[in-house]
Structures are given as structure tokens and as C-alpha cells.
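Enquirer: Residue numbers (my numbering), protein chains in the order written: chain C, 1018 to 1202; chain U, 48 to 176; chain E, 6 to 198.
Note that the Cβ used here is the ideal one computed from N, Cα and C, for glycine as well.
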Amino acid sequence: MDHDDPLLRAEDATLVVRAVEGDVRAFEVLARRHGPVMRLYAEQMLGSNVESDDVVQDSFLTGWRRLSDLNDPARFRPWVMQIVTRKALDRLRRRRHHDDVDTVQHPAEVARQPERIVETRMQLDAMWTALDRLPADQRRCWLLRETAGYSYQQIADELELPVSTVRGLLARARRFLTVEMEAWR
Amino acid sequence: MSDEALSRALTDRIRSVPGVTGVYPTRPIVHAAAEAVASTFALQEPDVLVDVHRDGSALRIGAGIAVDDARPAPETVREVGERIRDLVDERTGAPADLVEVTIRLVEGIGGPVDESAGPDAGEHVATPG
Amino acid sequence: MSDIDDVPVPEDDLDGHTMEELAEYLDRGRSPRDPAIEGSASCRLALSNMERLRELSLGALQHRADAEPDRETDWVDRLLATIRSEVRPGRDVPVPHPDPRLRLSMTEAAVRGLVRRTGDTMGGVVMGSCTLDGELGDPGAPVHVRVTAGLVYGAPADETADRLRVRIAAALARHTTLTVASVDVVFDDVYLP
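In C-alpha cells, the structure reads:
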């Protein structure tokens, strides 16, 4: 894309309104603008890069096809994030039922090796590292609660766990993150 | 200002832009001779042709135009878009969220072509075949 | 594999409220205001901490996304290819404008009409079909114009084709922002003057 393309400066709402009318370039701007965050989110949910790309591509495609469902054009990001969440959860459910969890690479495990923990000065970098260091189950619950806004019951249903387990995972995640971020108050 | 009054004002304003030879409703007319059909359509409702569409709080304006060969079409349509935008901003106090203008027809072709006129005319012609 | 242990984590003392309740209270934007919660120091502390972590969590993802140069954008190209293949026919040619609220275009039918009229008014040819191959909606994407025409009996084909090509290219350059890669002319008919 051309660097002085005025669409690059347009608000999400304008881009959505154009894309609903068939403007593919406007949708491209939306995909490039929000894609990176969605990929990281999907990776954190799934614990793998390969699947996260598929999930994000698929989510944006669904976003394109269902764009007229979006009531408030300014809320494109949370809307796409919900789509990504659902598709990531579908993947997780399929994995559980196919018992291949053990074969999936977890970037969190790599990050836990002490020599790989980069010294972080910025608060957000520290938060990212902390999230990355959470065990996968706790991180998933955390993201579903705090980023996707799912209720405890919804999380339990989606991850096929008892609500009490979800409560425990969230409490542990919250405690860990609080301690990690204490130094930044 | 009612939507109908706005559409009427916009139709007038568009017609006054140099290079515009006609204004059409934006609902697509699926017909091979769309140009001919569009002119008869215009005769039925001559003055309220610009689409004023409200979708929740979003205001979208749509217009179809015919332009004259005498002025480069991109210049004409840009001016039309800007006049619409400015009129809506001025008359309704709320800016339009989207203004769509589509050129449906380029008319008046037939004079001798000045082949050095287009900025890249020479460069665009590839090797014959 | 799983880090879930069976020992439940004891809840913090939140004056009779659970974290789950507080999380939902926060989701509602702390309204309607609950005096029992707002009156409890430990609840307020928990809420404030939760809010902070929530913001940091969202911020961390965005910050990381901004900091990492996009490793690969193949997925976007694949996405767009799929989308373009699904877009309804009757493609519009965009006319660029710096204001993103203005969406200006010319219909494909208008472009083809322009090409046809340009040929018909040249003299010596009668235009037949006109096809525009290429991604019309993608600015800068090369477009190949293919036309067929009838040639007046006796006129030199090559020279007439060249004149026609130049005339068509000029008309498109004047009235569109298309990148015309080639203009192919095929005479498939002869007519008497």
C-alpha cells in the first residue's frame, strides 16, 4: 500500500462504512491495522503461531462477510476480537477431543527459561512477559475474562471445565500478575 | 432540513458542477443499455435524485452522475464529492459519514482527440498485439 | 500438561463478596453503584487492582503488536485474494481523493462505454466487444484492454489498429486513473463504407 494513502489515516468507523459498501481497500487497512494484535492474542490463546495465523485469516474473512451485522461501525476491534475468540476456542475444543495437546509448542515454556527473560523497563513490556509466563490454562482464562469479557460460566462452558476450576485458575492468574506488576506501581 | 429537501438541494448543487451532464439515482439498474435507461428514469423524478441514507447515526449520501468528455472525469467527480460534502456539513450541521459518487456515463465523445493531452498517454500504450 | 491442581485457592476476604461478583461489577462500569462494595476497603482495592491489570493486559498486547514489525503479511494477501474473488461483478474503478469520507468511482460499464464511443467516433472502425482484464478496484494493478471491431473495407489494418490503440489509451488516461498495461485490438469483421 502506498504510504500517503488517505485511507491509512481514516477512522475505523469510516473504513467499516466503506467496506460494507464493497470497498476492499478499506478492509485491507482494517486488516493491517488490527491484524497484529489479533495474531498475538490468538497465539496467546492457542500457544502456537501456525494455527494463530489460520484463525486470524479466517476471522477477518468472516468479518468481511458479516460486516453488515456490526451495529456500531466504531466498534470494529472488539467485534473482530470476539470472532477471533470464538474461532480460537473452536480450535482448542477440537484439540482436546483429539488429544494432541502434548504435541503443541508452548511459547510460554520457552519464555520461562531464566536466561531468555529480557530485562524489561517498560511497564507494558513487563506485563507482556508476565502474561507469557502464565501457564497456558491460566492465561486462557485470563484472556477470556479480561480481554474477551466472557463470564465465569461462559469460560467454564467453552473450556469444558467446572466453574470452580475456572475460579481457581483466574485467582491464581490474578495473583501472579498482581505480584509481577507490583514493582511498577 | 428533511432528507427530501436535502436530496433536492444536493441534486441542484451537483447539476451546477461544470462537467456534469446528468444525475442518476444510485440503485443499480441492471441493464446492458444502462445509460439509455438511466436518462428516461431521470425524467420521472427530475429533482430528488441523490440518495440520503441514514443507518443508525451514520449519514450516507449516494449519487450517480453522467459527465462530459470536455472535462477529465476524475476532476468532475472530485468536485461533485466535495460540493456534496460541503453542503451536507453546512446545511445539517452534522458531517456526512460517507459520500459516494459514481460516474455512470461519459458523454460527448467525438471531437478530435488531442493525443498529447493525457499525462501518460504515450507510456500506457504497450507494444502492439 | 495441565497446571490445574485440585486444591482450591482460598478467596481473599472481600467482605462477603467474591472476585467473580466484583469482576462483573467492574464490567458493568461500577453502576448502578453498590454501596456495600464501594464502602468496603478491600473490595475497592481489589477492584482497582483488577482494573489496572485489565488495562495493562490490553495495553500489553497492543504495545507488543506495535513494537514487533509484522513478521509476515502473507495472511493478509491470502485474505484479500479470497475477498476479491467473492466481490460481486460489476466492478467499480476508484477515483482517489484525500478525504477518506469521499468514495468516488466510475462503473466498469462507463469505462467500457467510453472505450466503445472512443472507437466509434474515430472513423474507419465499428466497435464490437470490450473487455477489461485485471483488478479494476486495485489502484496501480495493470489492466489489459481487449477490444474487437469491424474494419472498414480497404483500410490498412495495422495502422488503423495503432491509431485506435492510441486513441483508447488517451481517453482512458484522461478519464480514469487506471494503469493500462496493453490495448489489444482484434478486427473480426469487415464492413463496407
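Alpha carbon to alpha carbon, what distance is there between Glu73 (chain E) and Ala1200 (chain C)?
Expert: One-based indexing of the first sequence puts residue 1200 (chain C) at position 183. One-based indexing of the third sequence puts residue 73 (chain E) at position 68. Between Ala1200 (chain C) and Glu73 (chain E), the C-alpha separation is close to 25 angstroms.
Enquirer: How many angstroms separate the CA atom of Ser1085 (chain C) from the CA atom of Val1033 (chain C)?
Expert: Looking up residue 1085 (chain C) in the first sequence gives position 68. Looking up residue 1033 (chain C) in the first sequence gives position 16. C-alpha separation (whole angstroms): 9 angstroms.
Enquirer: Please confirm if the region 56 to 68 of chain U is in contact with the region 122 to 138 of chain U, defined as three or more CB-CB distances below 8 angstroms between the two stretches.
Expert: Yes: at least three Cβ pairs fall under 8 angstroms.
Enquirer: Around the Cβ of Asp20 (chain E), are there at least 16 other Cβ atoms within 10 angstroms (buried) or fewer (exposed)?
Expert: Here residue 20 (chain E) refers to the residue found at position 15 of the third sequence. When all chains shown are included, Asp20 (chain E) counts as exposed.
Enquirer: Phe88 (chain U) CB to nearest chain E CB: under 8 angstroms?
Expert: As a working mapping, residue 88 (chain U) is identified with position 41 in the second sequence. Legend: pLDDT at Phe88 (chain U) = 46, less than 50; position of this residue unreliable, no value from coordinates given.
Enquirer: Which word fits Arg1184 (chain C), buried or exposed, when buried means at least 16 other C-beta atoms lie within 10 angstroms of its C-beta?
Expert: What you label residue 1184 (chain C) is simply residue 167 of the first sequence in a count that begins at 1. Arg1184 (chain C) comes out buried.
Enquirer: Can you say whether Glu1175 (chain C) is buried or exposed, counting buried as having 16 or more other CB atoms within 10 angstroms of its CB?
Expert: Taking the first sequence and counting its residues from 1, the one referred to as residue 1175 (chain C) is at position 158. So Glu1175 (chain C) ends up on the buried side.
Enquirer: I'd like to know if Thr1031 (chain C) contacts chain U, where contact means its C-beta is closer than 8 angstroms to some C-beta of that chain.
Expert: For this step, residue 1031 (chain C) is matched to residue 14 along the first sequence. At a cut-off of 8 angstroms between beta-carbon atoms, Thr1031 (chain C) makes contact with chain U.
Enquirer: With 9 angstroms as the limit, tell me which residues of the region 178 to 194 of chain E have their beta carbon closer than that to any beta carbon of chain U; keep them in chain order.
Expert: Ala178, Arg179, His180, Thr181, Thr182, Leu183, Thr184, Val185, Ala186, Ser187, Val188, Asp189, Val190
Enquirer: Evaluate the contact criterion for the region 1055 to 1070 of chain C versus the region 123 to 131 of chain E: three or more CB pairs, one atom per stretch, below 8 angstroms.
Expert: no
Enquirer: Comparing C-alpha positions only, which one of E:Glu29, E:Asp138, E:Gly145, E:Gly155 sits nearest to Leu169 (chain E)?
Expert: Position 164 of the third sequence, counted from the start, is the residue given in the question as residue 169 (chain E). Considering only alpha carbons, the answer is E:Gly155.
Enquirer: Pull up the distance between the alpha-carbon of Arg172 (chain E) and that of Val157 (chain E), whole angstroms please.
Expert: Counting from 1 along the third sequence, the entry for residue 172 (chain E) is found at position 167. Counting from 1 along the third sequence, the entry for residue 157 (chain E) is found at position 152. Rounded to whole angstroms, Arg172 (chain E) to Val157 (chain E) spans 17 angstroms at the Cα level.
Enquirer: Under 8 angstroms between the Cβ atoms of Ala1153 (chain C) and Met1198 (chain C)?
Expert: Start at 1 with the first residue of the first sequence, and residue 1153 (chain C) comes out as number 136. Start at 1 with the first residue of the first sequence, and residue 1198 (chain C) comes out as number 181. For Ala1153 (chain C) and Met1198 (chain C), no; Cβs fall outside 8 angstroms.
Enquirer: Would you kindly check if the distance between the Cβ of Gly64 (chain E) and the Cβ of Met1098 (chain C) is under 8 angstroms?
Expert: Against the first sequence, residue 1098 (chain C) aligns to sequence position 81. Against the third sequence, residue 64 (chain E) aligns to sequence position 59. No. Outside cutoff.
Enquirer: Is there at least one Cβ from chain E nearer than 8 angstroms to Asp144 (chain U)'s Cβ?
Expert: Translated into the one-based positions of the second sequence, residue 144 (chain U) becomes position 97. Answer yes: the Cβ-Cβ gap between Asp144 (chain U) and chain E drops below 8 angstroms somewhere.
Enquirer: Asp167 (chain E): which of E:Leu183, E:Asp189, E:Val185, E:His180 sits nearest, CA to CA?
Expert: In the third sequence, counting from the first residue as 1, residue 167 (chain E) sits at position 162. When only C-alpha atoms are compared, the closest one is E:Asp189.
Enquirer: Check whether the region 137 to 153 of chain U and the region 112 to 121 of chain U are in contact - that is, three or more C-beta pairs closer than 8 angstroms.
Expert: yes
Enquirer: Any beta carbon from chain C within less than 8 angstroms of His68 (chain E)'s own beta carbon?
Expert: On the third sequence, position 63 is the one that residue 68 (chain E) refers to. Taking CB atoms only, His68 (chain E) has a neighbour in chain C less than 8 angstroms away.
Enquirer: Excluding the five sequence neighbours on either side, which residues of its own chain have a C-beta within less than 7 angstroms of the C-beta of Pro198 (chain E), listed in chain order?
Expert: Working through the third sequence from its first residue, we reach residue 198 (chain E) at position 193. For Pro198 (chain E), where only same-chain residues beyond five positions count, the Cβ hits under 7 angstroms are Val157, Tyr158.
Enquirer: Along chain C, which residues have their Cβ under 7 angstroms away from the Cβ of Asp267 (chain E)?
Expert: For chain E, the structure presents residues 6 to 198; residue 267 (chain E) sits outside this window and is missing.
Enquirer: Could you tell me whether any Cβ in chain E is nearer than 8 angstroms to the Cβ of Pro1023 (chain C)?
Expert: Along the first sequence, read from residue 1 onward, the residue named residue 1023 (chain C) stands at position 6. Taking Cβ atoms only, chain E reaches closer than 8 angstroms to Pro1023 (chain C), which makes this a yes.
Enquirer: Apart from the five residues on each side of it in sequence, which residues of its chain come closer than 8 angstroms, Cβ to Cβ, to Ala176 (chain E)?
Expert: As a working note, residue 176 (chain E) is residue 171 in the third sequence. Excluding positions up to five away in sequence, the list reads Leu119, Val120, Thr123.
Enquirer: Hey, Val97 (chain U) and Glu51 (chain U) are a contact pair by Cβ (cut 8 angstroms); roughly how many whole angstroms apart?
Expert: Locating residue 97 (chain U) in the second sequence gives position 50, counting from the first residue. Locating residue 51 (chain U) in the second sequence gives position 4, counting from the first residue. Incorrect: roughly 10 angstroms between the Cβ atoms, too far for contact.
Enquirer: Can you tell me whether Glu60 (chain E) is buried or exposed? The criterion is at least 16 other CB atoms within 10 Å of its CB, across all chains shown.
Expert: The sequence position of residue 60 (chain E) within the third sequence is 55, counting from 1. Its Cβ having fewer than 16 others within 10 Å, Glu60 (chain E) is exposed.
Enquirer: Helix, strand or coil, according to DSSP, for Met48 (chain U) in the structure here?
Expert: Taking the first residue of the second sequence as 1, we reach residue 48 (chain U) at position 1. Three-state DSSP puts Met48 (chain U) in coil, outside helix and strand.
Enquirer: Using three-state DSSP, classify Pro99 (chain E) as helix, strand or coil.
Expert: By one-based count along the third sequence, residue 99 (chain E) stands at place 94. Strand.
Enquirer: State buried or exposed for Met1062 (chain C), treating a residue as buried only when at least 16 other CB atoms are found within 10 Å of its CB.
Expert: As a first step, residue 1062 (chain C) must be located in the first sequence, where it is residue number 45. With 16 or more other Cβ atoms within 10 Å, it is buried.
Enquirer: Using the Cα positions of Leu27 (chain E) and Ser1168 (chain C), report the straight-line distance between them to the nearest angstrom.
Expert: As a working note, residue 27 (chain E) is residue 22 in the third sequence. As a working note, residue 1168 (chain C) is residue 151 in the first sequence. Spanning the two alpha carbons is a distance of roughly 12 angstroms.
Enquirer: Measuring from the CB of Glu140 (chain E), is there a heavy atom of the ligand GDP at a distance below 7 angstroms?
Expert: Of ligands this structure carries none, so the ligand GDP is not represented either.
Enquirer: Does any CB atom of chain U fall closer than 8 angstroms to the CB of Arg1083 (chain C)?
Expert: Along the first sequence, read from residue 1 onward, the residue named residue 1083 (chain C) stands at position 66. For Arg1083 (chain C), the answer is no, since every Cβ of chain U falls outside 8 angstroms of its Cβ.
Enquirer: Along the chain, where does the beta strand (DSSP E) that runs through Ser1085 (chain C) open and close?
Expert: As a working mapping, residue 1085 (chain C) is identified with position 68 in the first sequence. Segment: none, Ser1085 (chain C) is in no beta strand (DSSP E) and carries neither H nor E.
Enquirer: Quick check on this structure: which residue in E:Gln67, E:Gly145, E:Val195, E:Ala162 has the alpha carbon closest to the alpha carbon of Gly1052 (chain C)?
Expert: For the purposes of this step, residue 1052 (chain C) is taken as residue 35 along the first sequence, with counting starting at 1. Cα-wise, what sits closest to Gly1052 (chain C) is E:Gln67.
Enquirer: Is the beta carbon of Thr1195 (chain C) closer than 8 angstroms to that of Leu52 (chain E)?
Expert: The sequence position of residue 52 (chain E) within the third sequence is 47, counting from 1. The sequence position of residue 1195 (chain C) within the first sequence is 178, counting from 1. Not a contact, by the Cβ cut-off of 8 angstroms.
Enquirer: Closer than 8 angstroms, Cβ to any Cβ of chain C: which residues of the region 50 to 64 of chain E, in chain order?
Expert: Asn54, Met55, Arg57, Leu58, Arg59, Leu61, Ser62, Leu63, Gly64
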